[in-house]
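Student: What follows is a single structure, and I will ask about it in a moment.
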Amino acid sequence: METSTVESPNDQEEKEIKLWINNREVSVPGDTPNLLEASRLVGMDIPSLCYLQDINAAGSCRICLVEVESGGRRNLQASCVYPVQEGLRVYTNTPRVRRARKRMLELLLSEHDLDCINCIKNRNCELQKLADDLGVRKIRLTGERLNLPVQNKNPFIVRNYNKCIKCRRCEAVCKKIQGVNVYSAQKRGFNTVIAPAFMRDMAESDCIACGQCLQVCPTAALAEREYIQEVWDAIEDPEKIVVVQTAPAAQVSLGEMFGMPVGTVVTGKMVSALRSIGFDYVFSTAFAADLTVVEEAHELLERLEGKGKLPLISSCSPGWVRYCERFFPEFVENLSTCKSPQEMLGALVKTYFAEKNHFNPGNLVVVAVMPCTAKKYEAARPEMVTRGTRDVDYVLTVRELGRMIREAGINFTALPEDDFDQPLGIATGAGAIFGATGGVMEAAIRTAFALVEDKEMQGRIEFESFRGLKGIKEATVVLGERNIRLAVAHGTRNARRLLERVKAGEKFDFIEIMGCPGGCVGGGGQPISVEQRSRKKIEEVRRKRARALYSIDLTQKIRRAHENPAVKKLYEEFLGEPLSKKAKDILHVKYGRVQRQPPQLLH
21 METSTVESPN DQEEKEIKLW INNREVSVPG DTPNLLEASR LVGMDIPSLC YLQDINAAGS
81 CRICLVEVES GGRRNLQASC VYPVQEGLRV YTNTPRVRRA RKRMLELLLS EHDLDCINCI
141 KNRNCELQKL ADDLGVRKIR LTGERLNLPV QNKNPFIVRN YNKCIKCRRC EAVCKKIQGV
201 NVYSAQKRGF NTVIAPAFMR DMAESDCIAC GQCLQVCPTA ALAEREYIQE VWDAIEDPEK
261 IVVVQTAPAA QVSLGEMFGM PVGTVVTGKM VSALRSIGFD YVFSTAFAAD LTVVEEAHEL
321 LERLEGKGKL PLISSCSPGW VRYCERFFPE FVENLSTCKS PQEMLGALVK TYFAEKNHFN
381 PGNLVVVAVM PCTAKKYEAA RPEMVTRGTR DVDYVLTVRE LGRMIREAGI NFTALPEDDF
441 DQPLGIATGA GAIFGATGGV MEAAIRTAFA LVEDKEMQGR IEFESFRGLK GIKEATVVLG
501 ERNIRLAVAH GTRNARRLLE RVKAGEKFDF IEIMGCPGGC VGGGGQPISV EQRSRKKIEE
561 VRRKRARALY SIDLTQKIRR AHENPAVKKL YEEFLGEPLS KKAKDILHVK YGRVQRQPPQ
621 LLH
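If you're matching positions, the sequence shown starts at 21 in my numbering and goes up one per residue.
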């Protein structure tokens with residue numbers, strides 16, 4: 021039979037396009053999408069606001085204007101939407117261009133809520149930085165301003181329409197990256213706002229609280245719901261015992277808040293900072309990640325024996341769980357009944373830890389430091405209550421913790437290294453990798469192999485097929501006498517693609533889904549840099565954070581969750597065994613269709 025081979029674009033020699041930028045001949049790859057990217061490739065930066073590489077190129081803000089020579093005339097064009105052409109002559113820094121950019125920025129500022137000093141994005145606002153870069157020292161124009169109420173009644177995201185510059189980045193990332201489609205343009209003309217349908221509160225819409233829109237918003241039109249003052253109040257209350265837990269991903273991103281390189285492991289300094297702030301106990305969420313692995317591995321084995329629906333789908337990511345409940349309710353029964361590590365640790369602090377130390381659970385306040393805004397939503401869910409007490413009282417993003425450290429006057433980079441408190445601060449390498457996409461799967465399979473094969477498996481610790489930023493990763497492994505098919509997806513748009521395949525009849529046994537691109541390392545509560553507006557740069561940040569987590573795993577003496585001595589002791593002293601009645605009462609939960617009403621604010 022005759023066959024033909026089609027050469028893929030990657031196999032073809034990449035063509036170069038020659039053009040002139042500022043009277044200098046340059047060459048750029050043939051697939052360069054626009055003049056803005058072409059200029060940046062040759063070291064000539066063009067400012068922009070609405071543009072996000074490969075995500076949003078609307079040409080609406082007009083900040084990226086350049087002069088393009090055509091037919092002997094120079095016309096101003098938005099460089100983010102103007103295609104690269106052979107022989108084109110472009111001018112990025114003429115007096116006309118500079119005047120036009122300043123005027124466009126002044127027009128934006130004339131309508132903006134200029135409350136910069138009190139703004140949560142002060143010192144980290146793209147609009148503010150751009151005004152400084154372009155030398156805008158006064159606003160010569162006075163325009164009408166919106167005076168809409170701030171939406172801050174939900175526990176996770178605050179929406180301030182008065183600070184929105186209509187760049188539509190939030191709409192683009194929600195649609196093209198997450199596939200949720202919460203945002204669209206509402207009203208017309210000057211009154212246009214980018215909002216959920218009928219300008220509903222975020223909690224009343226299909227928003228999954230992932231916070232990816234916060235990561236790309238150039239102003240504070242979108243921000244996390246802060247709980248800093250509530251946490252300070254708890255710390256200052258002499259009757260309260262305040263316990264803090266920190267997610268694995270926080271220890272590889274917090275340093276960015278203080279100018280340290282991306283991917284710097286700051287675990288010891290973070291613990292030291294938390295003690296300096298005044299927390300009574302500092303525990304590691306990675307301990308509960310180890311516990312989650314043990315419970316989930318046993319749950320997988322049970323379902324493989326016919327006790328529950330397959331595929332088993334992980335439930336550690338609250339953004340993904342909310343997405344499942346909203347868009348794929350038919351898969352709710354497939355969700356693991358395990359609470360997330362955050363909720364498990366909170367429940368254990370108010371039961372096991374309280375009993376061991378003779379504490380009144382009512383006097384315990386649990387604070388979680390998370391890379392995620394959806395964790396705020398999760399903590400407020402009515403199901404997350406054990407023995408009548410809420411598992412987690414307050415959730416702080418990594419950004420909020422950074423602000424608290426600065427507020428306390430702590431010199432973070434000069435802090436000594438410190439260790440987590442025991443026993444709920446002991447973690448294995450498996451717990452650390454939970455913060456990267458594929459980490460939950462890898463950790464669970466390490467333990468599942470041990471449970472089935474009952475041997476050391478020195479060569480089966482690392483599973484490279486689960487690592488990296490590919491949208492959907494698949495593997496088949498031999499577990500005992502059974503071949504089990506596994507899949508990993510990150511970002512809810514990829515989750516949709518995978519679940520549609522399952523609905524079409526494809527068989528999988530275990531699926532890990534993380535709501536955010538890259539997993540927790542790309543969470544909506546992670547540090548934001550005004551420089552990271554290239555999709556490639558954003559992905560590189562996630563890779564560096566993930567590599568740092570895997571480096572922590574490699575340095576641990578114990579790398580399998582079930583071998584954690586503190587977890588073993590917990591079962592001996594308190595839980596009995598995995599999936600016991602007590603374990604199910606404290607560590608497990610049933611998910612269901614979310615009612616369309618706002619969850620209550622935390623306290």
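We treat Cβ as the ideally placed atom computed from N, Cα and C, and that holds for glycine. Every value quoted in this text rests on a predicted model; they were computed, and no experiment measured them.
In whole angstroms, what is the alpha-carbon distance linking Glu33 and Ala495?
Tutor: Reliability fails at Glu33, whose pLDDT of 44 lies under 50, so the model's placement of it is uncertain and no value is given.
Student: What first and last residue would you give for the beta strand (DSSP E) that runs through Met364?
Tutor: Note, Met364: premise wrong, no beta strand (DSSP E); alpha helix (DSSP H) at 361-368.
Student: Quick check: Val625 and Gly275, are their CB atoms within less than 8 Å of each other?
Tutor: Limits of the chain in this structure are 21 at one end and 623 at the other, which puts residue 625 out of reach.
Student: Just checking, does the stretch 391-406 make contact with the stretch 358-369 on the three C-beta pairs under 8 Å criterion?
Tutor: The stretch 391-406 is in contact with the stretch 358-369.
Student: Any contact between the stretch 324-343 and the stretch 260-272? By contact I mean 3 or more CB pairs, one from each, below 8 Å.
Tutor: Segments in contact, no.
Student: Measure the beta-carbon distance from Val117 to Val86 and round it to whole angstroms, keeping in mind my assumption that it falls under 8 Å.
Tutor: 6 Å
Student: Within its chain, find whatever has a CB closer than 6 Å to the CB of Leu234; leave out the 5 residues flanking it on each side and keep chain order.
Tutor: Leu242, Gly544
Student: Which whole runs of the beta strand (DSSP E) in the stretch 65-100 are 3 residues long or more, in chain order?
Tutor: 85-90, 93-98
Student: Shortest alpha-carbon distance to Arg505 belongs to which of Glu322, Pro331, Gln97, Ile297?
Tutor: Pro331
Student: Which residue's Cα is closest to the Cα of Arg565: Val104, Ala456, Ala581?
Tutor: Ala456
Student: When the Cα of Leu129 is compared with those of Arg93, Ser600, Cys81, which residue comes out closest?
Tutor: Nearest neighbour of Leu129 by Cα position, chosen from Arg93, Ser600, Cys81, turns out to be Cys81.
Student: I'd like to confirm the pairing. Which residues does DSSP put opposite Ser19 in its beta bridges?
Tutor: Missing from the structure shown is residue 19; the chain here goes from 21 to 623 and no further.
Student: Which runs of the beta strand (DSSP E) spanning at least 3 residues fall entirely within the stretch 107-161, listed in chain order?
Tutor: DSSP runs (the beta strand (DSSP E)) wholly in the stretch 107-161: 109-111.
Student: Tell me which residue opens and which closes the beta strand (DSSP E) that Pro49 is part of.
Tutor: Looking at the DSSP string, the run of the beta strand (DSSP E) that includes Pro49 is 44-49.
Student: Have a look at Leu320, Thr239, Val263 and flag the residue whose alpha-carbon is nearest the alpha-carbon of Cys136.
Tutor: Thr239
Student: On the premise that Ala215 lies in contact with Tyr181, defined as a C-beta separation below 8 Å, what is that separation, rounded to the nearest angstrom?
Tutor: 7 Å
Student: When the Cα of Ser99 is compared with those of Ala447, Arg123, Pro115, Cys70, which residue comes out closest?
Tutor: Cys70
Student: Pro169: which of Thr162, Leu161, Arg179 sits nearest, CA to CA?
Tutor: Arg179
Student: So Asn144 and Tyr102 are supposed to be a Cβ contact under 8 Å. How far apart are they, rounded?
Tutor: That belief does not hold up - the Cβ atoms of Asn144 and Tyr102 are roughly 30 Å apart, past 8 Å.
Student: Under 8 Å by Cβ, that's how I've got Ile297 and Met390 pegged, so tell me the actual separation to the nearest angstrom.
Tutor: Contact flag wrong, Cβ pair sits at about 16 Å.
Student: Does the stretch 521-535 come close enough to the stretch 207-224 to have 3 or more Cβ pairs within less than 8 Å?
Tutor: Contact between the stretch 521-535 and the stretch 207-224 is absent, because fewer than three Cβ pairs lie under 8 Å.
Student: Quick one, which of Lys359, Met404, Glu375, Thr409 has its alpha-carbon nearest Gly382's?
Tutor: Thr409
Student: Mapping DSSP to helix, strand and coil, what is Ala59?
Tutor: In the sequence as presented, Ala is not what sits at residue 59; that position holds Ser. Three-state DSSP puts Ser59 in a helix.
Student: Give the DSSP bridge partners of Met390, in chain order.
Tutor: Looking at the DSSP assignment, Met390 forms a beta bridge with Thr417.
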